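A.B. asks: Sharing a structure with you now.
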Amino acid sequence: MMATAEVALQLYDAAGPQFWGSNIGYRISGSSFPCRSFERCRKKRVLKSMKSLKCLSSSCRGIRIHQFPCINGVSHRYAATDKFGLSHCKCQSADNVGGLTAESGNGTWFVDNAKDFNSTNGNVRNFLELGAVKELKHDKELHHSNGNPPSYKTIQDGMNKGKSSFIENEAWELLQESVAYYCGSPVGTIAAKDPTSSSVLNYDQVFIRDFIPSGIAFLLKGEYDIVRNFILHTLQLQSWEKTMDCHSPGQGLMPASFKVRTVPLDGDDTATEEVLDPDFGEAAIGRVAPVDSGLWWIILLRAYGKCSGDLSVQERIDVQTGIKMILRLCLADGFDMFPTLLVTDGSCMIDRRMGIHGHPLEIQALFYSALLCAREMLAPEDGSADLLRALNNRLIALSFHIREYYWTDMKKLNEIYRYKTEEYSYDAVNKFNIYPDQISPWLVGWMPNKGGYLIGNLQPAHMDFRFFSLGNLWSIVSNLATTDQSHAILDLIEAKWADLVADMPFKICYPALDGQEWQIITGCDPKNTPWSYHNGGSWPTLLWQLTVACIKMNRPEIAAKAVEVAEKRLSRDKWPEYYDTKRGRFIGKQSRLFQTWSIAGYLVAKLLLANPGAAKILITEEDSELINALSCAISSSPRRKRGPKPSQKTYIV
Ligand code: GLC
């Protein structure tokens, strides 16, 4: 056994950076590798040879080792899993390079840029501040009112203000309680801390997507450590060996969630250690692939840098490598004809079968956003020129495709209604061979005269006309939608308030699948019955994305109105995960209570409405290079010249 370990160690020592991504276990002894003893040896050796590493990971389940070049004499990346896929911590921080700490982070950006944002967006008002000024006036009136009793409205306003700050305080307390610690440091927030629920399932885990609003709330509050730790720890998990029935998904995949576990220390019955146990979908219900995790991770990384002023995290070699791994996975060539990212069902916030396989809007909006954020953060270096070129090309093609083919409004609908089909030609109008009969009666009645939206999915001969909120909102935030389209989406939200907000913001998608459609598409999923959960349920967490989108378009009053609706019930109902029924009147059938992203989503919405300038950490603006390239693409389409690809335009990704 020892000999095997030695061989492996020699291989590892000699391998260096070029070895990353390979599976030493398989190389040595095939699939029946003696994990446990190997791991022990490795641990001893690693402990000896890598003293400078503060958070150690020990090996196995097919041993995957990553090591990157040193900065300041410190190895920047070392990750290996054990048989159970766990990251072991020796109770020190994962953060092993010099860089700014939270204390030394430059918090002034926030203030300066908030001013900046307000000055460039002249008419963005601090909506809640204005409200607060009004209320202050009311307060004054309350105390100096010539002896007259204050009006009913005055008292009511004062009470509402008190109520809202009480709710905010409660939300902060609950958010704090949801924090997960790894070796004494905060590393994330668990999905829900519901004392009333007997089956926890995986809600006691830190979900990557669920942590985003928590992370943003902490950033806006000036608590940077937890976000920095989260970014660095999840980065370590990215390299894990992950298999499902002998198959491994791509290298750059980020887990859907992770759990901090306390396990007995190897070889010592009296001691325990903490481990990070990731789930890449291999344990998740339905074995869904968390495509959105890596995209959100990149978005959060940029927000962290912008908000804290600490750019040292995104500049780290291991972080740069992490970004590139995600990009390579997303930009890799496949069979697909479209520039949109092709994914399986349930690969995003909707992580169950809901007929969103193919090119769902949510993934495309996050993809576009992550590409833009990554472009801002990638250090220019020789090795990344091809990647950057591929990224730029994809950005152009993606925005053209979505803006052109996903957009729908009255005019477009009428065009589709009159489409000819079976057009075999290079310049077909109805490129995807959409049969007009697909326009269902609900849509004909639902589409407002003013407003429009991006459809949920586009595939050959298939347009999924459902309105998916997150995809539309994030298309505004990321600038995937044009300015006119972005305003039109908000117009539609206003016009369809009773369907999308009603008694609780915000409906995850509209309308719900019903009857036979529900049976076939969801597979008779009892959790996704009509107007429940992912199938037309209302999710308070979506408040924060709505708020960022509204602020970007200088229409914060829309979000403020939605927050007001939510505020009436959220705390009283114990912060549910989602609401059911067409108007969102009931707490969801199987909804968790004290759901962290409902709490954090509310807080982020409040914080941003109070300081709209801060939304800049999440927003990406139109870039002139892209506009030019896009207008060329539009003017040459649909009769694009065909012919062999010029050789200089082939990229290795
Ligand atoms: C549900 C949601 C998913 C979320 C998870 C944890 O599975 O669909 O989006 O991440 O719960 O809250």
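The opening position of the sequence shown corresponds to residue 3 in the numbering used here, with each subsequent residue numbered one higher.
All C-beta atoms, glycine included, are put in the ideal place defined by N, C-alpha and C.
None of the values given here were measured: they were computed from a predicted structure.
(1) If you measure between the beta carbons of Gly473 and Pro362, is that distance less than 8 Å?
(2) Is Gly348 buried or exposed, if buried means 16 or more other CB atoms sit within 10 Å of its CB?
(3) To the nearest angstrom, how far is it from the Cα of Ala514 to the Cα of Gly538?
(4) On the CB-based measure, 16 or more other CB atoms within 10 Å of its CB, does Ala392 come out buried or exposed?
(5) When you compare the CB positions of Asp294 and Gln207, do they come within less than 8 Å of one another, or not?
(6) If you draw a straight line from the alpha carbon of Ala551 to that of Leu475, how long is it in whole angstroms?
(7) Does the Cβ of Lys554 have 16 or more other Cβ atoms within 10 Å, making it buried, or fewer, making it exposed?
(8) Which same chain residues end up closer than 8 Å to Met449 when comparing Cβ atoms and leaving out the 5 residues on each side of it in sequence?
(9) If you draw a straight line from the alpha carbon of Ala602 to that of Ala219, how long is it in whole angstroms?
(10) Report the CB separation of Leu373 from Leu380 in whole angstroms; it is logged as a contact under 8 Å.
(11) Whole angstroms are fine: how far does the CA of Ala285 sit from the CA of Cys248?
(12) Say yes only if the C-beta of Asp212 is nearer than 7 Å to one or more non-hydrogen atoms of the ligand GLC, and no if none qualify.
(13) List the whole-angstrom C-beta distance separating Ser471 from Phe508, where the pair is believed to meet the contact cut-off of C-beta under 8 Å.
(14) Distance check for Asn530 and Pro266, CA to CA, integer angstroms please.
(15) Report all residues from its chain with a CB closer than 6 Å to the CB of Gly586; omit the five preceding and five following residues, and keep chain order.
(16) According to DSSP, simplified to helix, strand and coil, what is Ala607?
(17) Taking just the CA atoms, how far does Gly296 sit from Leu255?
(18) Among the candidates Ala497, Gln547, Glu559, Ala305, whose CA atom is the shortest distance from the CA of Arg230?
(19) Whose C-alpha, out of Gly357, Pro188, Gln316, Gly269, is nearest the C-alpha of Pro382?
(20) Quick one: is Pro542 buried, meaning 16 or more other Cβ sit within 10 Å of its Cβ, or exposed?
(21) Phe337: buried (16+ other C-beta within 10 angstroms of its C-beta) or exposed?
(22) Going by DSSP, what residue range makes up the beta strand (DSSP E) through Tyr656?
(23) Kindly indicate which three-state DSSP category Ala285 falls into: helix, strand or coil?
(24) If you drop the 5 nearest sequence neighbours on each side, which residues of the same chain put their C-beta closer than 7 Å to that of Ala273?
(25) Compute the beta-carbon to beta-carbon distance between Ser167 and Phe209, rounded to the nearest angstrom, for a pair I have assumed lies under 8 Å.
(26) Taking the continuous alpha helix (DSSP H) assigned at Pro215, which residues delimit it?
(27) Name the DSSP beta bridge partners of Ile589, please?
(28) Rounding to the nearest angstrom, what Cα-Cα distance links Val565 and Thr346 in this structure?
(29) Starting from the Cα of Ser314, find the closest Cα among Thr549, His536, Gly217, Ile233 and give me that residue.
(30) Let me check you understand the geometry: is the CB of His536 closer than 7 Å to at least one non-hydrogen atom of the ligand GLC?
(31) Within 8 Å, do at least three Cβ pairs link the region 324 to 331 to the region 427 to 435?
(32) Indicate, with yes or no, if the ligand GLC has a heavy atom lying under 7 Å from the CB of Tyr205.
(33) Let me make sure I understand the geometry here. Which of Arg557, Asn395, Ser633, Tyr581 has the alpha-carbon closest to that of Ala568?
(34) With C-beta atoms as the reference, is Leu545 less than 8 Å away from Lys576?
(35) Go to Gly296, then tell me how far its beta strand (DSSP E) extends in each direction, as first and last residue.
(36) Please state if the CB of Leu344 and the CB of Tyr408 are separated by a distance shorter than 8 Å.
C.D. replies: Looking at the coordinates:
(1) yes
(2) buried
(3) 5 Å
(4) buried
(5) no
(6) 6 Å
(7) buried
(8) Thr410, Asp411, Met412, Leu415
(9) 6 Å
(10) Their Cβ separation, rounded to whole angstroms, is 10 Å, which puts Leu373 and Leu380 out of contact at 8 Å.
(11) 14 Å
(12) yes
(13) 5 Å
(14) 39 Å
(15) Ala504, Asp505, Met506, Ser540
(16) helix
(17) 6 Å
(18) Ala305
(19) Gln316
(20) buried
(21) exposed
(22) No answer is possible for residue 656: it lies beyond the span of the chain, which begins at 3 and ends at 655.
(23) coil
(24) Leu267
(25) Not a contact, Cβ separation roughly 29 Å.
(26) 210 to 223
(27) Tyr581
(28) 33 Å
(29) Ile233
(30) yes
(31) no
(32) yes
(33) Tyr581
(34) no
(35) Taken as a continuous stretch (DSSP letters only), Gly296 belongs to no beta strand (DSSP E), being part of the alpha helix (DSSP H) at 293 to 310.
(36) no
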